[in-house]
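Colleague: Under numbering that gives the first Met the number 0, residues 0 to 490 are what the sequence shown spells out, in order.
Have a look at the structure that comes next, please.
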Amino acid sequence: MAPGMGIKPPAHRTKTGCLTCRKRKVKCDEEKPDCFRCRRLLMKCIWSEEVLEARARQQQQAAMNGGAVNSLVRRTSSIPTISSDTQTFITEFPNADRFSVPYLHHFTSFCSRFLAYPNDAEGNPFQQELVPLAAQSPALLYAMSALAAGHMARGQPKHTMAAMKYYTMALRELNTTLEDPAKVRLSSTLGTCLLLCVYEISHSDENLWFRHLQGARDLILHRGGPKTSDFLVRFFSLLDISGSLLTGKGPLISGNYWLDEEENGASHTKLRNWPYYDDNAIMVDNFHSLMVHMARLSNLSADSMTDFGKRNADLIEKRAMQIRHDLFEWWNTRPPNIRDQSNNWRRARPDLTLAEKLEEESFSSTRSVVYGCIIYLHHIIDPYGLKPQAQEVADAIKGILDISRETPEGLGLEMGLFFGLFMAGVAIFDDLESEILIRTKLANDANITIYHADSGLELLEALWAKQRQYNVKYDWREVQKEMKLQVFIFA
Numbered sequence: 000m001a002p003g004m005g006i007k008p009p010a011h012r013t014k015t016g017c018l019t020c021r022k023r024k025v026k027c028d029e030e031k032p033d034c035f036r037c038r039r040l041l042m043k044c045i046w047s048e049e050v051l052e053a054r055a056r057q058q059q060q061a062a063m064n065g066g067a068v069n070s071l072v073r074r075t076s077s078i079p080t081i082s083s084d085t086q087t088f089i090t091e092f093p094n095a096d097r098f099s100v101p102y103l104h105h106f107t108s109f110c111s112r113f114l115a116y117p118n119d120a121e122g123n124p125f126q127q128e129l130v131p132l133a134a135q136s137p138a139l140l141y142a143m144s145a146l147a148a149g150h151m152a153r154g155q156p157k158h159t160m161a162a163m164k165y166y167t168m169a170l171r172e173l174n175t176t177l178e179d180p181a182k183v184r185l186s187s188t189l190g191t192c193l194l195l196c197v198y199e200i201s202h203s204d205e206n207l208w209f210r211h212l213q214g215a216r217d218l219i220l221h222r223g224g225p226k227t228s229d230f231l232v233r234f235f236s237l238l239d240i241s242g243s244l245l246t247g248k249g250p251l252i253s254g255n256y257w258l259d260e261e262e263n264g265a266s267h268t269k270l271r272n273w274p275y276y277d278d279n280a281i282m283v284d285n286f287h288s289l290m291v292h293m294a295r296l297s298n299l300s301a302d303s304m305t306d307f308g309k310r311n312a313d314l315i316e317k318r319a320m321q322i323r324h325d326l327f328e329w330w331n332t333r334p335p336n337i338r339d340q341s342n343n344w345r346r347a348r349p350d351l352t353l354a355e356k357l358e359e360e361s362f363s364s365t366r367s368v369v370y371g372c373i374i375y376l377h378h379i380i381d382p383y384g385l386k387p388q389a390q391e392v393a394d395a396i397k398g399i400l401d402i403s404r405e406t407p408e409g410l411g412l413e414m415g416l417f418f419g420l421f422m423a424g425v426a427i428f429d430d431l432e433s434e435i436l437i438r439t440k441l442a443n444d445a446n447i448t449i450y451h452a453d454s455g456l457e458l459l460e461a462l463w464a465k466q467r468q469y470n471v472k473y474d475w476r477e478v479q480k481e482m483k484l485q486v487f488i489f490a
């Protein structure tokens, strides 16, 4: 501001900045080859359409040479070395200190890519929209630092104290923020709440994540209700539906609030390129419609555990059969490239680009979730295995295990298989070979994915041991209550 004037001096505007800054409508210092803002946010600094096309050709060639996904993970799985930009970074984020800078870089370059979808490296709204908000939100900055430090601590315990410190600071700052009515509606506040929820899912032994998910629900409602144009609402819906399947409480917001208001049901235009490899939003649109059936199953499971549900098993089964009919009718109308995808697509199509490979991986994940829903439904009807196992359950188990065998390990792709693998573990009975495979896949490399299935695997181990000891089938939901666990499996 001009001294003593109380107004801002006119800003020099230019149309010669990098395309990345111009797209984000922020000032570019025009430093080449990479401007400061792009370096700070670890974004690609693009100067012309020709450069964009050249980089696309390079990416495609790298993918055709093989190992594209693996190289992508390797490039960003370690902490970036902090350069001379550190001081400027601290100036840009006044609440950051030299100790938090590596964690903020790790969040931006790695953690943000695995929050909602695996290997979501291009056009990521967490990088492009959420990270800049931390400049004005200490709570968000500390939440990002806590999540990044917590992720690193799983492989390097020396970061544990830093994770706990920033987590505590984020909680304190969030409580302060919630006392200010003007800040309650901000995206930075909702983002903080959601990141704390993820931290507690991934890096805490306590069952605290559900409280912050409820808090995020309250913030969304306070902001006027869920809007499909808001990437944080989509992120919340993924956490909400995933969590509801195992909490026994149903979704936190009623209705299919994650579906677009438009009549055609397609993903909102603003978010159609998220994740970047989902061409024409095929995976997202189909998974969002699958979430409708997942929410119905969650509500049915919650009702079946009540005294009324236990006394009226026939009514529960009737509702289950209607859901089954609708689920199979929906599944039979899905695009063949999802529904009929072959498990050997990686060997059959070695010339796929990186984006095409990741899209195919997302289709495999969707199939695994569908099979998991089939098992989930039958478990609600017959939780103690009193009837012979239905053939469609056996087929679903085989489908999940076959997909998991073919999915490469150590690339963060397992997060899309966790729900299916957990449900397969619920459905098997004294099957040591399947137990070994499920155990191996659920105990994934914690240095790659943000989410893990530690508590889910702990529950399965207890379930398998109990069933083997007494030679009888048990309801995993009852075992979870006995263990006082609040399992979260990202679907």
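Idealized CB from N, CA, C, for every residue including glycine.
Leaving aside the five residues before and after R476 along the sequence, list all residues of the same chain whose C-beta is less than 8 Å from its C-beta, in chain order.
Modeller: Start at 1 with the first residue of the sequence shown, and residue 476 comes out as number 477. G247, S300, M304 and P382.
Colleague: Determine, for R346, whether the minimum Cβ-Cβ distance to residues of chain B falls below 8 Å.
Modeller: The chain inventory of the structure shown lacks chain B, comprising one protein chain alone.
Colleague: Using C-beta distances below 7 Å, list every residue in its chain close to W208, excluding the 5 sequence neighbours before and after it, in chain order.
Modeller: Working through the sequence shown from its first residue, we reach residue 208 at position 209. Closer than 7 Å at Cβ, skipping near neighbours: C196, E199, I200 and F487.
Colleague: Please report the distance separating the alpha-carbon of E178 from that of A142.
Modeller: Position 179 of the sequence shown, counting from 1, holds the residue named residue 178. Position 143 of the sequence shown, counting from 1, holds the residue named residue 142. Cα-Cα distance, rounded: 18 Å.
Colleague: Nearest-angstrom Cα distance between A461 and I435?
Modeller: Counted from its first residue, the sequence shown places residue 461 at position 462. Counted from its first residue, the sequence shown places residue 435 at position 436. Cα-Cα distance, rounded: 14 Å.
Colleague: Assign D284 to one of two classes, buried (16 or more other C-beta atoms within 10 Å of its C-beta) or exposed (fewer than that).
Modeller: Residue 284 sits at position 285 when you count from the first residue of the sequence shown. Per the 10 Å Cβ criterion, buried.
Colleague: Can you tell me where the alpha helix (DSSP H) holding Q127 begins and where it ends?
Modeller: Position 128 of the sequence shown, counted from the start, is the residue given in the question as residue 127. Looking at the DSSP string, Q127 is not in any alpha helix (DSSP H), and its letter there is neither H nor E.
Colleague: Is it true that the segment 149-165 meets the segment 176-194, where meeting means three or more beta-carbon pairs spaced less than 8 Å apart?
Modeller: no
Colleague: Compare the beta carbon distance of F125 and S111 with 8 Å and say whether it is the shorter of the two.
Modeller: Sequence index remark: in the sequence shown, residue 125 carries index 126 (1-based). Sequence index remark: in the sequence shown, residue 111 carries index 112 (1-based). Yes. Within cutoff.
Colleague: Tell me the DSSP secondary structure of R345 in three-state form.
Modeller: On the sequence shown, residue 345 is found 346 positions in, with the first residue counted as 1. R345: helix per DSSP, three-state reduction.
Colleague: Check whether the Cβ atoms of A426 and I374 sit closer than 8 Å, and answer yes or no.
Modeller: Counting from 1 along the sequence shown, the entry for residue 426 is found at position 427. Counting from 1 along the sequence shown, the entry for residue 374 is found at position 375. Yes, the Cβ-Cβ distance between A426 and I374 is below 8 Å.
Colleague: Determine whether the beta carbon atoms of T448 and E408 lie at a separation below 8 Å.
Modeller: Indexing the sequence shown from 1 puts residue 448 at position 449. Indexing the sequence shown from 1 puts residue 408 at position 409. No, they are not a contact pair.
Colleague: For D217, which of L193, I240 and T159 has the nearest alpha-carbon?
Modeller: Numbered from its first residue, the sequence shown carries residue 217 at position 218. Looking at the Cα atoms, L193 is the closest of the given residues.
Colleague: Please look up how many angstroms separate the CB atoms of S364 and G415, rounded, as I've assumed it's under 8 Å.
Modeller: Here residue 364 refers to the residue found at position 365 of the sequence shown. Here residue 415 refers to the residue found at position 416 of the sequence shown. Their Cβ separation, rounded to whole angstroms, is 3 Å, which keeps S364 and G415 in contact under 8 Å.
Colleague: Please classify D339 as buried or exposed, where buried requires at least 16 other C-beta atoms within 10 Å of its C-beta.
Modeller: The residue you call residue 339 lines up with position 340 of the sequence shown. D339 should be labelled exposed.
Colleague: In whole angstroms, what is the alpha-carbon distance linking A452 and C37?
Modeller: Taking the sequence shown and counting its residues from 1, one reaches residue 452 at position 453. Taking the sequence shown and counting its residues from 1, one reaches residue 37 at position 38. Their backbone Cα atoms lie some 34 Å apart in a straight line.
Colleague: Output needed for S361: all residues of its chain with C-beta closer than 6 Å, excluding positions within five of it in sequence on either side, in chain order.
Modeller: Here residue 361 refers to the residue found at position 362 when the sequence shown is read from its first residue. Once the five neighbours on either side are set aside, the close Cβ partners of S361 are M282.
Colleague: Take L258 and list the residues in its own chain whose beta-carbon comes closer than 8 Å to its own, dropping the five residues that flank it on each side.
Modeller: Here residue 258 corresponds to residue number 259 of the sequence shown, with the count starting at 1. Contacts found: T227, G264, H287, S288 and V291.
Colleague: I'd like the span of the alpha helix (DSSP H) that includes S253, first residue to last.
Modeller: Working through the sequence shown from its first residue, we reach residue 253 at position 254. Membership of S253 in any alpha helix (DSSP H) is not indicated, and neither H nor E is assigned to it by DSSP.
Colleague: Of the choices N336, R153 and A145, whose alpha-carbon is the least far from that of D278?
Modeller: In the sequence shown, residue 278 corresponds to position 279, counting from 1. Out of N336, R153 and A145, N336 has the C-alpha closest to the C-alpha of D278.
Colleague: Going by CA-CA distance only, name the one from V25, L173, K157 and R153 that's closest to A138.
Modeller: Taking the sequence shown and counting its residues from 1, the one referred to as residue 138 is at position 139. The residue with the shortest Cα to Cα distance from A138 is L173.
Colleague: Is the Cβ-Cβ distance between S367 and G411 less than 8 Å?
Modeller: Counting from one through the sequence shown, the residue named residue 367 turns up at place 368. Counting from one through the sequence shown, the residue named residue 411 turns up at place 412. Going by beta carbons, S367 and G411 fall outside the 8 Å limit.
Colleague: Mind checking E481: buried by the 16 CB within 10 Å criterion, or exposed?
Modeller: Here residue 481 refers to the residue found at position 482 of the sequence shown. So E481 counts as exposed.
Colleague: Given this structure, state the Cα-to-Cα distance separating E30 from N94, to the nearest angstrom.
Modeller: Taking the first residue of the sequence shown as position 1, residue 30 is located at position 31. Taking the first residue of the sequence shown as position 1, residue 94 is located at position 95. Counting only the Cα atoms, N94 lies some 26 Å from E30.
Colleague: Quick one: measure Cβ to Cβ for L456 and R438, integer angstroms, because I've assumed they're closer than 8 Å.
Modeller: Start at 1 with the first residue of the sequence shown, and residue 456 comes out as number 457. Start at 1 with the first residue of the sequence shown, and residue 438 comes out as number 439. Contact holds; Cβ gap of about 7 Å.
Colleague: Identify the continuous alpha helix (DSSP H) that holds G308 and give its terminal residues.
Modeller: What you label residue 308 is simply residue 309 of the sequence shown in a count that begins at 1. Residues D306 to R310.
Colleague: Out of K356, K386, F234 and V392, state which residue places its alpha-carbon closest to the alpha-carbon of C372.
Modeller: Numbered from 1 along the sequence shown, position 373 holds the residue referred to as residue 372. Among K356, K386, F234 and V392, the Cα nearest to that of C372 belongs to V392.
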